[in-house]
Amino acid sequence: MNIYEYAMKLEKDGERFYRELAEKIEDKGIKSIFIMLAEEEIKHYIIFEKMNKQQSFTTQHSTHLIKHTLALFRKMREENPHFSFSRSYIESFRSALRTEENSYKFYMEKGNMLEDGKQKEAFLRIAEEEREHMILLQNLLTFAMDPVTWIENHELKMPL
827 MNIYEYAMKL EKDGERFYRE LAEKIEDKGI KSIFIMLAEE EIKHYIIFEK
877 MNKQQSFTTQ HSTHLIKHTL ALFRKMREEN PHFSFSRSYI ESFRSALRTE
927 ENSYKFYMEK GNMLEDGKQK EAFLRIAEEE REHMILLQNL LTFAMDPVTW
977 IENHELKMPL
């Protein structure tokens, strides 16, 4: 398995994981975050697939996910100041965070090894997107564990 096939596997596994999480989560807003993360993984998969087939590809940075999540947290906090998540949800969020951390490390390492400028740039850009997913998930985890004070204490940790 070459690095592109491995990256495709990471992205496909990530997509599946996020879709499974979305199925389990009852809250429509949180469900939408995981659906959007799954769609991000598909976007990455397509880029790696094109690299593997030596086809041309483009990468584009997406900022709507972070903005959507921030707005969602604010809305949830306003609608129900004592919002809470089950322990199993929190563990799922932790698992998602670990997955993103592993993907980030892999893409950074492999991206820095590549010599082809466009492929190197794509790996590093996707690594940056995975880092943003990590930030999002860390904030989701913090929000899930302490929604009452999240806005006051953690809102600034979300890059826009």
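Going letter by letter, the sequence shown gives residues 827 to 986 in this note's numbering.
Backbone N, C-alpha and C fix where the C-beta goes; we use that ideal spot for every residue, glycine too.
Classified as exposed, G943 has fewer than 16 neighbouring CB atoms from the shown chains inside 10 Å of its CB. Taking a 10 Å sphere around the C-beta of M827, we find fewer than 16 other C-beta atoms and assign the residue as exposed. Counting C-beta pairs with one atom in each stretch, the region 926–942 and the region 891–906 have fewer than three that are closer than 8 Å, which means they do not touch.
Residue burial is scored here from C-beta neighbours: I856 has at least 16 other C-beta atoms within 10 angstroms and is therefore classed as buried. With 16 or more neighbouring CB atoms inside 10 Å of its own CB, E866 falls in the buried class.
Residue environment analysis places Y832 among the exposed positions, since fewer than 16 neighbouring C-beta atoms fall within 10 angstroms of its C-beta. Listed in chain order, the non-local C-beta contacts of E875 below 7 Å within the same chain comprise M834, local neighbours out to five positions each way being set aside. In this structure, the beta-carbon distance from M877 to Q964 does not fall below 8 Å.
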